[in-house]
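The sequence shown begins at 435 in this note's numbering and counts up one residue at a time.
Since the structure comes first, as structure tokens, the remarks are kept for the end.
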Amino acid sequence: MANTVIQLKFSTGTATPTSLLAGEPAYSYASNTLFIGSPDGTGSIAIGGKFYIDKFERAYNHANAAYDLANTVANAGADVYARNHANAAFIQANTALVTATSAGIYANGAFAAANSASIYANGAFAKANNEAGVNNTQNTNITNAQNTATAAFIRANNSINANTGGTISGDLSITGNLSVLGNTFTVSSSQIVANDSLIILAAGNYTSDILDIGFTGHYNDGVNAHTGLIRDAGTKEFQLFEGYTAEIGANNNIDINNPSFKIATLRANLKSQSITLNGQDLQTLVYNSYNTANAAFISANNINGVNLSQNTNITAAFDQANAAFAAANAAGSSAYVQAAFNHANAAFNQANTDYTTITAAAGSYGNGATIASFTLEANGRISQANSTLIGISASQITSGTLGVARGGTGAGTFTTNGVLLGQGSGAFTTASSSTEGHVLTINNTGVPTFAHLSGGTF
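Now the structure itself:
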């Protein structure tokens, strides 16, 4: 158990707190009384403390004094009879007092004993009062014993029945372990505070793997629904869910195939060895995208050089065809003209070769989100052109800090073992502590900080 300091709300000057939250504990050193908030949160109920311990001690002392006084009576006749009955009344009353103080474990026995003590005390009082020579001091002692026994009877009668149970209307403080044996343990409280740093669920569930393990809560956004985090016994995967409208059955399992079951959104910084996105390994997908884009860039760079060479060849063919046309025009002979035409036509066909199989549309390729991709034929011509989405692995980013506006932290380093704190659009900061028992809480200015839990004062 961690050394966590949890303080109750307290006061050294006010005897009774005017109001406490339902179930909120507080102690007054002015009245030496322990209080707990009323169910409606508008008042407080006294449940114990030094004040009540002192009352029990006074009751014990009074009963003990009655026994001593009754035991000292010297009359050997009626006095002995009265003394014996008073002594029996003291024993029964003392037993009832101890039994009632131990939170009703033997309440029924205390009731019977205290009732019997009351009868014996009344009889002893009547007998002693009727006997000749009984003095007023003896009557007073017997009356005190009767009053003590009656008080013990009333206290025992109001205690919890150890066999049939009951209800405690005030606060209950238990020093020791509490074991609850049953199928259901219900806590109706606005706040649960525990020293344990690790919550263990499904304890001892080592014989099978058919139960969902996790936690869930109720909310209403138009309809009553459940949200929570579970390890599904069927898929063996953790499910963060919301919108689940079906009631959770006695087996505590969540039906992930229910139409109302849907995956909830998680906002967090992730650090993982592997991530699967729509059935694909994200790291492999990013690497492949990067390699494809890089190959396309190299190919496009090489094609650019080929195109320069092609343009030179096309220009030379055009010059040859143009010269042939001029020569044919100057020759004036149909044979020369026909030959020149044939040479020019062949040059044109050669220059125009490969354009008939081009399927790329005219336009610009590549932008801020894509990279140009081309298909190069064996003769150096480009037959296809496309744009490919850019995919870069996070491991390829080696400089700079990702800002908050782009989903980053805005910071390059953090305090070891610190808890991240958002700062609006500014860089994240951290809250940290090296003191054992500190917990993360909110100070009076609304800033998260590590400190021991304190109930404050009233």
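Every residue, glycine too, gets a C-beta built ideally from N, C-alpha and C.
As assigned by DSSP and simplified to three states, the class of residue i
i                 : result
valine 838        : helix
histidine 872     : coil
isoleucine 487    : helix
asparagine 703    : coil
threonine 804     : strand
asparagine 736    : helix
threonine 891     : strand
threonine 879     : coil
methionine 435    : The predicted model places methionine 435 with a pLDDT of 45, which falls under 50 and marks its position as unreliable; any figure quoted below should be read in that light. The answer is coil: DSSP assigns methionine 435 none of H, G, I, E or B.
histidine 652     : strand
phenylalanine 393 : Within the shown structure, residues of the chain are numbered from 435 to 892, placing residue 393 beyond reach of any answer.
serine 445        : strand
threonine 463     : At residue 463 the sequence reads tyrosine, which differs from the threonine that was named. DSSP places tyrosine 463 in coil when its eight states are reduced to three.
glutamine 625     : coil
threonine 809     : strand
alanine 412       : Nothing can be reported for residue 412, as the shown portion of the chain is limited to 435 through 892.
tyrosine 540      : Summary for tyrosine 540: the model assigns pLDDT 49, below 50, so the residue's position carries little reliability; its value from the coordinates is reported in the next sentence. In the structure shown, tyrosine 540 sits in coil (DSSP, three-state: anything other than H, G, I, E or B).
alanine 637       : coil
alanine 508       : The pLDDT assigned to alanine 508 is 45, lower than 50, so where the model puts this residue is not dependable; a value taken from the coordinates is nonetheless given after this. Three-state result, alanine 508: coil.
threonine 710     : strand
isoleucine 688    : coil
phenylalanine 695 : coil
isoleucine 826    : coil
phenylalanine 587 : helix
alanine 885       : strand
isoleucine 576    : helix
leucine 854       : strand
Opening and closing residue of the beta strand (DSSP E) in which residue i lies
i                 : result
phenylalanine 848 : Per DSSP, phenylalanine 848 belongs to no beta strand (DSSP E) and is neither H nor E.
phenylalanine 469 : 467-471
leucine 663       : 658-665
isoleucine 479    : 478-482
leucine 823       : 816-823
leucine 674       : 672-678
threonine 864     : 860-865
Per DSSP, cross-strand counterpart(s) of residue i
i              : result
aspartate 646  : In DSSP, aspartate 646 forms no bridge with anything.
leucine 615    : Its beta-bridge partners do not exist; DSSP assigns none.
aspartate 715  : Thr710
isoleucine 440 : Leu887
Nearest-angstrom beta carbon gap, residue j and residue i [assumed within contact, 8 Å]
i           : j                 : result
serine 866  : phenylalanine 884 : 7 Å
leucine 716 : isoleucine 709    : 4 Å
glycine 825 : threonine 835     : The Cβ separation is near 22 Å, so there is no contact.
alanine 727 : threonine 809     : The Cβ separation is near 16 Å, so there is no contact.
Closer than 7 Å: residue i CB and nearest the ligand GDP heavy atom
i             : result
threonine 661 : In the structure on display, the ligand GDP does not appear, and there are no ligands present to speak of.
Taking contact to mean at least 3 C-beta pairs separated by less than 8 Å, is the segment 807-818 in contact with the segment 831-841? Per the Cβ contact rule, the segment 807-818 is not in contact with the segment 831-841 (fewer than 3 Cβ pairs under 8 Å).
At least three beta-carbon pairs within less than 8 Å, the segment 620-627 to the segment 639-659: Segments in contact, no.
Could you check whether the segment 445-453 touches the segment 473-486, counting it as contact only if at least three pairs of C-beta atoms, one from each stretch, sit closer than 8 Å? Yes, since at least three Cβ pairs between the segment 445-453 and the segment 473-486 fall closer than 8 Å, the two stretches touch.
Is there contact between the segment 459-476 and the segment 490-500, where contact requires at least three CB pairs shorter than 8 Å? Touching, no.
Could you tell me whether the segment 679-696 touches the segment 652-664, where touching means 3 or more Cβ pairs closer than 8 Å? Contact between the segment 679-696 and the segment 652-664 is present, because at least three Cβ pairs lie under 8 Å.
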